[in-house]
Every structure is written in structure tokens, then in C-alpha cells.
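Please read the structure below before turning to the comments.
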Amino acid sequence: MSLILEPAVTFINEQLEGKSIDKIDRKIKDLTDIFYDKQAHAAMPADTIVYEVESYFPVKQGTEGGLFYGITYIHPGTVGDEYFMTKGHFHKIRNRAEFYCTLQGEGMLLLMDEEGKTWAEKMYPGSVHYIPGHIAHRTANTGDIILSFSAFWPSDAGHDYATISEHGFSKILVKQNGKPVLMDNDK
Ligand code: M6P
Ligand code: ZN
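Using our numbering, the letters of the sequence shown map in sequence onto residues 15 to 201.
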């Protein structure tokens, strides 16, 4: 057996580096469907970065039996009174699960089942979150610094964004008196 001294991927200084690393950012202009306050959204600079994702795809998307690893960095901020958050998704293959582990900052993991019941788990450095299959997931930054967390999911899970962009989550996470509150989503 040969001795491998350099891993294919490193996570140094809060950055994933190596082969097969994919980096994307999501700006205000890419997130037209998700925030409830359309006026506040339209008034914001279109190029404001809401979150970034660095992902390690060691196998092809759709491969059965493989795993993906990613780190999401959500910037602090709100659109109106709603915290900056990810698009959120169900997995295309609904029964696929996922782990989230918080690295830095504070936030909330919003979870919703297929009947539209939504609940949330607090995220803080060291918190580990198991997301079972059939559950939509979205994360929001409720703090003043970047919220970063690592994620581990099956390489054939896929992302179903359409269901969320059409119906949203049944609850929204808003800032009231400086604190996160989960409210019913009227739409
Ligand atoms: C985590 C994982 C990724 C996901 C990312 C951002 O890193 O769940 O699969 O892409 O968060 O979330 P979204 O795709 O909902 O914007
Ligand atoms: Zn997922």
C-alpha cells in the first residue's frame, strides 16, 4: 500500500481546497422566491451575497452509494425582518437523509415534513443535526457573524427546489425584538 501524505481535499482557514471542489454563491438577485417581504427584497442591492457553498463531489452527481461533503456560509443580515437563509430543499430521492454540523456562528435549521408541518432546531458551534429522509431543510443565520456548517449527504439525493419555491415552508423565521421567532407563513 502506498502512503498518502496529502489528502485530496483540505479544510484550512475555513476554506475547502482541492480537486472536485465546487464553489457557488447565492445573491439577493438569485433568491427572488424565498423571502416573504417582496418590497424589502426589491429594495436591496441585487449583488448582495446571502450565502456561499463549497462542496466536495468525489463521485458524479446521481451515483448510488457515494457521499458528498459541503460547507455553507450564510452571511448575517435580514430581508425586511426575515433572516438571511438558504433556498431550502427536499431531496429528489425523498428518503435520502443528511447530517449538518455547525462550525461557527448561530442560526436555526428549519425542517418541514411532507404534510407541511414545520419546526426548527437551534444551531451553534458543535451542534449536530440529523435530517431524516422526506424532510425539507433550510438554514437561517440569526447572529451577527457568518454562520457556517458542514453537511454530508448521499450523492444520489439530488435537490428538489421547485416544491419549496412554489409553496415555501409553512413557517417563516423573523427577527422580533432582536430575537428569532417562528411565525405562520400566511402564503
Ligand atoms: C448544505 C447541503 C447542500 C445545499 C446547501 C445550501 O451544504 O444541504 O446540499 O446545497 O446546504 O442549501 P440550498 O441548496 O437549499 O440552497
Ligand atoms: Zn439536503
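For each residue, glycine too, the CB sits at the ideal point set by N, CA and C. Bear in mind that the values here come from a model prediction, so they are computed numbers and not experimental data.
Measure the alpha-carbon distance for F163 versus C115 and round it to whole angstroms. 5 Å
Could you give the residue range of the alpha helix (DSSP H) that holds K201? Neither: K201 is in no alpha helix (DSSP H) and is coded neither H nor E.
Any heavy atom of the ligand M6P within a distance shorter than 6 Å of the CB on K101? yes
Is it the case that the CB of W133 approaches a heavy atom of the ligand ZN more closely than 6 Å? no
In DSSP terms, what S164 is bridged to: I85 and C115
Element boundaries [beta strand (DSSP E), containing K52]: Looking at the DSSP string, K52 is not in any beta strand (DSSP E); the run it does join, the alpha helix (DSSP H), is K52 to A56.
How is T153 classed by DSSP in three states: helix, strand or coil? strand
Going straight from the alpha carbon of A57 to that of W167, what length do you get? 35 Å
Using 8 Å as the cut-off, can you tell me whether the stretch 134-141 makes contact with the stretch 87-101, which would need three or more C-beta pairs spanning the two stretches below that distance? no
Would you report the Cα separation of K41 and H89, rounded to the nearest angstrom? 11 Å
Tell me whether D39 sits in a helix, a strand or coil according to DSSP, three-state version. strand
Looking at C-alpha atoms only, which residue of D170, T92 and N109 is the closest neighbour of V188? T92
At a cut-off of 6 Å, is E31 close to the ligand ZN when judged by its beta-carbon and the heavy atoms of the ligand? no
Confirm, please, whether the CB-CB distance from P146 to A171 is below 7 Å. no
Look up E78 in the DSSP assignment and give the residues it is bridged to. BP columns for E78 are empty, so no partner.
Leaving aside the five residues before and after D47 along the sequence, list all residues of the same chain whose C-beta is less than 6 Å from its C-beta, in chain order. S179
Leaving out five residues on either side along the sequence, give the residues of the same chain with a beta carbon under 8 Å from the beta carbon of K43. A60 and D61
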